[in-house]
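Peer 1:
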Amino acid sequence: MPGATRAMTLRSFAADPSQARSVSRSTVRRIVAFAKPYRRQIWLFLALVVVDSLLVVATPLLFQRIIDDGVLTGDRRLVVIIALIIAAIAFGEAALTLAQRWYSARIGEGLIYDLRIRVYSHVQRMPIAFFTRTQTGALVSRLNNDVIGAQRAFTSTLSGVVANVVSLVMVVGTMTVLSPLITLVALSLLPLFLLPAKWVGRRLAGLTREQMELNADLGTGMTERFGVGGALLVKLFGRNDEEQAVFAARAEGVRDLGVRIAMSSRVFFSALTLVAALATALVYGIGGLFAISGSLSVGTLLALAALMSRLYGPLTALSNVRVDVMTALVSFERVFEVLDLEPAIRDRDDARTLPPGAAGIELDHVSFHYPSADEVSLASLESVARTEARSSGNVLDDVSLEVRPGQLVALVGPSGAGKTTITQLVNRLYDVDRGTVRVAGVDVREVSQESLRDVVGHVTQDAHLFHDTIAVNLRYARPEASDEEIWAALRAAQIGALVESLPDGLDTVVGDRGYRLSGG
Numbered sequence: 030m031p032g033a034t035r036a037m038t039l040r041s042f043a044a045d046p047s048q049a050r051s052v053s054r055s056t057v058r059r060i061v062a063f064a065k066p067y068r069r070q071i072w073l074f075l076a077l078v079v080v081d082s083l084l085v086v087a088t089p090l091l092f093q094r095i096i097d098d099g100v101l102t103g104d105r106r107l108v109v110i111i112a113l114i115i116a117a118i119a120f121g122e123a124a125l126t127l128a129q130r131w132y133s134a135r136i137g138e139g140l141i142y143d144l145r146i147r148v149y150s151h152v153q154r155m156p157i158a159f160f161t162r163t164q165t166g167a168l169v170s171r172l173n174n175d176v177i178g179a180q181r182a183f184t185s186t187l188s189g190v191v192a193n194v195v196s197l198v199m200v201v202g203t204m205t206v207l208s209p210l211i212t213l214v215a216l217s218l219l220p221l222f223l224l225p226a227k228w229v230g231r232r233l234a235g236l237t238r239e240q241m242e243l244n245a246d247l248g249t250g251m252t253e254r255f256g257v258g259g260a261l262l263v264k265l266f267g268r269n270d271e272e273q274a275v276f277a278a279r280a281e282g283v284r285d286l287g288v289r290i291a292m293s294s295r296v297f298f299s300a301l302t303l304v305a306a307l308a309t310a311l312v313y314g315i316g317g318l319f320a321i322s323g324s325l326s327v328g329t330l331l332a333l334a335a336l337m338s339r340l341y342g343p344l345t346a347l348s349n350v351r352v353d354v355m356t357a358l359v360s361f362e363r364v365f366e367v368l369d370l371e372p373a374i375r376d377r378d379d380a381r382t383l384p385p386g387a388a389g390i391e392l393d394h395v396s397f398h399y400p401s402a403d404e405v406s407l408a409s410l411e412s413v414a415r416t417e418a419r420s421s422g423n424v425l426d427d428v429s430l431e432v433r434p435g436q437l438v439a440l441v442g443p444s445g446a447g448k449t450t451i452t453q454l455v456n457r458l459y460d461v462d463r464g465t466v467r468v469a470g471v472d473v474r475e476v477s478q479e480s481l482r483d484v485v486g487h488v489t490q491d492a493h494l495f496h497d498t499i500a501v502n503l504r505y506a507r508p509e510a511s512d513e514e515i516w517a518a519l520r521a522a523q524i525g526a527l528v529e530s531l532p533d534g535l536d537t538v539v540g541d542r543g544y545r546l547s548g549g
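The sequence shown begins at 30 in the numbering used here and counts up one residue at a time.
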């Protein structure tokens, strides 16, 4: 069974169309537009990176001077001066690194904040149908893990690209001035860096996207089972062993995929390190022969060797940056997938405001079916292979009903007859397919949702309580309610005496979904 569960999970993600496509150019354009508020800080950050990169060639050139003009000539004063300059450069690089880190943190954390606020605000505008389809853990993963992954595009990845490109240009230019032939030999191994980089980047991007989905699925399972309701259900039916087996299968999939990603990265970068070592050996070998023949100074050989480490270092890092860029772009794309979902229920630009007070309710030849999954959600947020092409049939078909102000009406019928659906349509949690729902004689689609909810009260079948105090939960609907009004509501609900008997009274924390209180 664990193996079957794992296979089912992997197949479902692989079949998700959102996982199969490559990262598009439009994603990059959206990222650039999203970064506009930080453009000044980004330019300052990049300026620091460029200055720091320019210092890359300074120390090797000073090595050349200290050997050729200082050590070999016996000029102690010059040796001391150059050594002090090298030390000063080291302090300068340290200061630049700190400044870069400060700007990097400001940009990165600001980006995380903006993305989280944007996604959270957008999700809050989604219709209730979205939440009935979406797995909570998968959605939370988009808000946390993917947002943090997207941050890397503007911190380590961005700085890495700029710093290494500038360093590469400076190093190659300096080496060419010192010895064009040795530079050509060193660059002859360059194709061994470039050819595998594209293949590895594409492969790791696909593996990373799959890893994100598997981690989201793992988190969803924990969210459902670690909640009080889920944990109670598992214990009542004695499903502990089965749940452990399912979790182990999911964790096994995450583990195996993590090993594949780690090995793909390590084999690639080990090969790059080997090529860099071979290139350095060539420089020492050819440069050493030139030095023996007198066509190359010892200081120049030392400078070339030092520059070699600064040549293949940026090349290796740039190859790594491709992997990081693809990972960051995948994270951005997953965040944009959520932002691209259109809220099905919106206020009109000219929406009216319902006046407070008692109001009648009317359903005029209403027909309604619940929206299909592809209208309100993503397959990757439902942890299924693909969203359903069609929704179920009509729940309501040509229903008419009128409830006058002050009238008490009971809707009676079997489960699935549409009783709850009618209350949701009155509150405009869904829009009807045909017909009209009116409150106070006004089509609910023509009024603002805020004013509609102020007029229409809705008591759900499963009352939800936040993990907070009694007072905070009761003030959720009316934040301005006084303690006296809260106590009046408690007494009207016949639980005033119970709350008064609690040591902390209104400040009592009710626990997750209110499980610390009486079940009644």
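Note that the Cβ used here is the ideal one computed from N, Cα and C, for glycine as well.
Would the beta-carbon of Met-355 be found less than 7 Å away from any heavy atom of the ligand GDP?
Peer 2: Looking at this structure, you won't find the ligand GDP or any other ligand, since it has none at all.
Peer 1: I need the straight-line Cα distance from Asp-426 to Thr-163, nearest angstrom please.
Peer 2: Position 397 of the sequence shown holds residue 426. Position 134 of the sequence shown holds residue 163. Answer to the nearest angstrom: the Cα atoms are 27 Å apart.
Peer 1: Can you give the beta carbon distance from Thr-56 to Glu-362, rounded, assuming they're within the 8 Å contact cut?
Peer 2: Numbered from its first residue, the sequence shown carries residue 56 at position 27. Numbered from its first residue, the sequence shown carries residue 362 at position 333. Right, their Cβ atoms sit about 5 Å apart.
Peer 1: Identify whether Ser-217 lies in helix, strand or coil by the three-state DSSP scheme.
Peer 2: Here residue 217 refers to the residue found at position 188 of the sequence shown. Coil.
Peer 1: Quick check: Ala-373 and Pro-156, are their CB atoms within less than 8 Å of each other?
Peer 2: Reading the sequence shown from its first residue, position 344 is the one you call residue 373. Reading the sequence shown from its first residue, position 127 is the one you call residue 156. Yes.
Peer 1: Return yes when the Cβ of Asp-104 is within less than 8 Å of the Cβ of Gly-328, no when it is not.
Peer 2: By one-based count along the sequence shown, residue 328 stands at place 299. By one-based count along the sequence shown, residue 104 stands at place 75. Here Gly-328 is not near Asp-104, since their CB atoms are 8 Å or more apart.
Peer 1: In three-state terms, what does DSSP make of Leu-392?
Peer 2: Looking up residue 392 in the sequence shown gives position 363. Three-state result, Leu-392: strand.
Peer 1: Please tell me whether Leu-233 and Ile-177 are closer than 8 Å, where the distance is taken between their beta carbons.
Peer 2: Your numbering for residue 233 matches position 204 in the sequence shown. Your numbering for residue 177 matches position 148 in the sequence shown. Contact: no.
Peer 1: Measuring straight from C-alpha to C-alpha, what distance separates Thr-452 and Leu-168?
Peer 2: In the sequence shown, the residue the question calls residue 452 occupies position 423. In the sequence shown, the residue the question calls residue 168 occupies position 139. Rounded to the nearest angstrom, the gap between the Cα atoms of Thr-452 and Leu-168 is 27 Å.
Peer 1: Kindly indicate the opening and closing residues of the alpha helix (DSSP H) around Gly-464.
Peer 2: Translated into the one-based positions of the sequence shown, residue 464 becomes position 435. Segment 463 to 468 is the beta strand (DSSP E) holding Gly-464; no alpha helix (DSSP H) there.
Peer 1: Throw me the rounded Cβ distance for the Arg-154 and Gln-70 pair, which I believe falls under 8 Å.
Peer 2: Here residue 154 is taken as the residue at index 125 of the sequence shown, counted from 1. Here residue 70 is taken as the residue at index 41 of the sequence shown, counted from 1. Not really, about 29 Å apart at Cβ, beyond 8 Å.
Peer 1: Opposite Thr-498 in the DSSP bridges: which residues?
Peer 2: Within the sequence shown, residue 498 is the residue found at index 469, counting from 1. Looking at the DSSP assignment, Thr-498 forms a beta bridge with Val-538.
Peer 1: Out of curiosity, what's the CA-to-CA distance linking Leu-101 and Arg-130?
Peer 2: As a first step, residue 101 is located in the sequence shown; it is residue number 72 there, counting from the start. As a first step, residue 130 is located in the sequence shown; it is residue number 101 there, counting from the start. The straight-line gap from Cα to Cα measures roughly 40 Å.
Peer 1: Tell me whether Phe-120 is buried or exposed, calling it buried when 16 or more other Cβ atoms sit within 10 Å of its Cβ.
Peer 2: The residue labelled residue 120 in the question sits at position 91 within the sequence shown. Per the 10 Å Cβ criterion, exposed.
Peer 1: With 16 other CB atoms within 10 Å as the buried threshold, where does Asp-536 fall?
Peer 2: Residue mapping note: residue 536 aligns to position 507 of the sequence shown, counting from 1. By the 10 Å Cβ count, Asp-536 comes out exposed.
Peer 1: Within a Cβ cutoff of 6 Å, which residues of the same chain sit near Phe-92, ignoring the five residues on either side of it in sequence?
Peer 2: The sequence position of residue 92 within the sequence shown is 63, counting from 1. Answer for Phe-92: Leu-331, Ala-332, Ala-335, listed in chain order.
Peer 1: Could you compute how far the alpha carbon of Ala-526 sits from the alpha carbon of Ala-517?
Peer 2: Here residue 526 is taken as the residue at index 497 of the sequence shown, counted from 1. Here residue 517 is taken as the residue at index 488 of the sequence shown, counted from 1. Cα to Cα, Ala-526 sits roughly 11 Å from Ala-517.
Peer 1: Can you find the residues in the same chain that come closer than 7 Å, C-beta to C-beta, to Leu-207, ignoring five residues on each side of it along the sequence?
Peer 2: Taking the sequence shown and counting its residues from 1, the one referred to as residue 207 is at position 178. For Leu-207, where only same-chain residues beyond five positions count, the Cβ hits under 7 Å are Thr-329, Ala-332, Leu-333.
Peer 1: Report the option in Arg-68, Phe-365, Ser-477, Val-461 whose CA atom is closest to the CA atom of Leu-144.
Peer 2: Here the question's residue 144 lines up with position 115 in the sequence shown. The shortest C-alpha separation from Leu-144 is found at Phe-365.
Peer 1: Under 6 Å Cβ to Cβ from Phe-319, same chain only, skipping five residues before and after it: list those, please.
Peer 2: Against the sequence shown, residue 319 aligns to sequence position 290. Counting only Cβ-Cβ distances below 6 Å, and skipping sequence neighbours, we find Leu-325.
Peer 1: Looking at the structure shown, is Arg-50 part of a helix, part of a strand, or coil, going by DSSP?
Peer 2: Residue numbering aside, residue 50 sits at position 21 when the sequence shown is read from its first letter. For Arg-50, the pLDDT reaches just 45, beneath the cut-off of 50, and the residue's location in the model is therefore unreliable, although a value from the coordinates is still provided. DSSP places Arg-50 in coil when its eight states are reduced to three.
Peer 1: Determine the burial state of Leu-383: buried for a count of at least 16 other Cβ atoms within 10 Å of its Cβ, exposed for fewer.
Peer 2: The residue you call residue 383 lines up with position 354 of the sequence shown. Label assigned to Leu-383: buried.
Peer 1: Give the list of continuous alpha helix (DSSP H) stretches no shorter than 4 residues that lie fully inside the segment 61 to 92.
Peer 2: Taking only runs of at least 4 residues, the alpha helix (DSSP H) segments lying wholly in the segment 61 to 92 are 68 to 83.
Peer 1: Within 10 angstroms of the Cβ of Glu-509, are there 16 or more other Cβ atoms? Answer buried if so, exposed if not.
Peer 2: The residue labelled residue 509 in the question sits at position 480 within the sequence shown. Its Cβ having fewer than 16 others within 10 Å, Glu-509 is exposed.
Peer 1: Checking the sheet assignment: what are the DSSP bridge partners for Leu-286?
Peer 2: Taking the sequence shown and counting its residues from 1, one reaches residue 286 at position 257. Looking at the DSSP assignment, Leu-286 forms no beta bridge with any residue, so it has no partner.
Peer 1: How do the segment 484 to 495 and the segment 422 to 440 stand: do at least 3 beta-carbon pairs fall below 8 Å, yes or no?
Peer 2: no
Peer 1: Is Val-455 closer than 8 Å to Val-468 when the C-beta atoms are compared?
Peer 2: Along the sequence shown, one-based indexing puts residue 468 at 439. Along the sequence shown, one-based indexing puts residue 455 at 426. Yes, the pair counts as a contact, with Cβ atoms nearer than the cut-off.
Peer 1: Excluding the 5 residues preceding and the 5 following Thr-249 in the sequence, name in chain order all residues of the same chain whose CB lies nearer than 6 Å to its CB.
Peer 2: Sequence index remark: in the sequence shown, residue 249 carries index 220 (1-based). Taken in chain order, the residues that qualify are Gln-164, Gly-166, Ala-167.
Peer 1: Across the segment 190 to 197 and the segment 76 to 85, are there enough close Cβ pairs to call them in contact, namely three or more that are closer than 8 Å?
Peer 2: yes
Peer 1: From which residue to which residue does the beta strand (DSSP E) around Leu-425 run?
Peer 2: In the sequence shown, residue 425 corresponds to position 396, counting from 1. Residues 425 to 432.
Peer 1: What does the alpha-carbon distance come out to for the pair Tyr-341 and Thr-205?
Peer 2: Start at 1 with the first residue of the sequence shown, and residue 341 comes out as number 312. Start at 1 with the first residue of the sequence shown, and residue 205 comes out as number 176. Computed Cα separation, rounded: 15 Å.
Peer 1: Quick check on DSSP: helix, strand or coil for Ala-414?
Peer 2: Reading the sequence shown from its first residue, position 385 is the one you call residue 414. Confidence is the limiting factor: at Ala-414 the pLDDT is only 44, short of 50, which leaves the residue's position unreliable, though a coordinate-based value still follows. Residue state, collapsed to three classes: coil.
Peer 1: Considering just the uninterrupted stretch of the alpha helix (DSSP H) at Phe-266, what are its terminal residues?
Peer 2: As a working note, residue 266 is residue 237 in the sequence shown. Segment: none, Phe-266 is in no alpha helix (DSSP H) and carries neither H nor E.
Peer 1: If the criterion is Cβ atoms closer than 8 Å, does the pair Leu-392 and Val-466 meet it?
Peer 2: Locating residue 392 in the sequence shown gives position 363, where the first residue counts as 1. Locating residue 466 in the sequence shown gives position 437, where the first residue counts as 1. Yes, the Cβ-Cβ distance between Leu-392 and Val-466 is below 8 Å.
Peer 1: Is it right to say Phe-63 is buried, meaning 16 or more other beta carbons lie within 10 angstroms of its own, or is it exposed?
Peer 2: Taking the sequence shown and counting its residues from 1, the one referred to as residue 63 is at position 34. Flag for Phe-63 reads buried.
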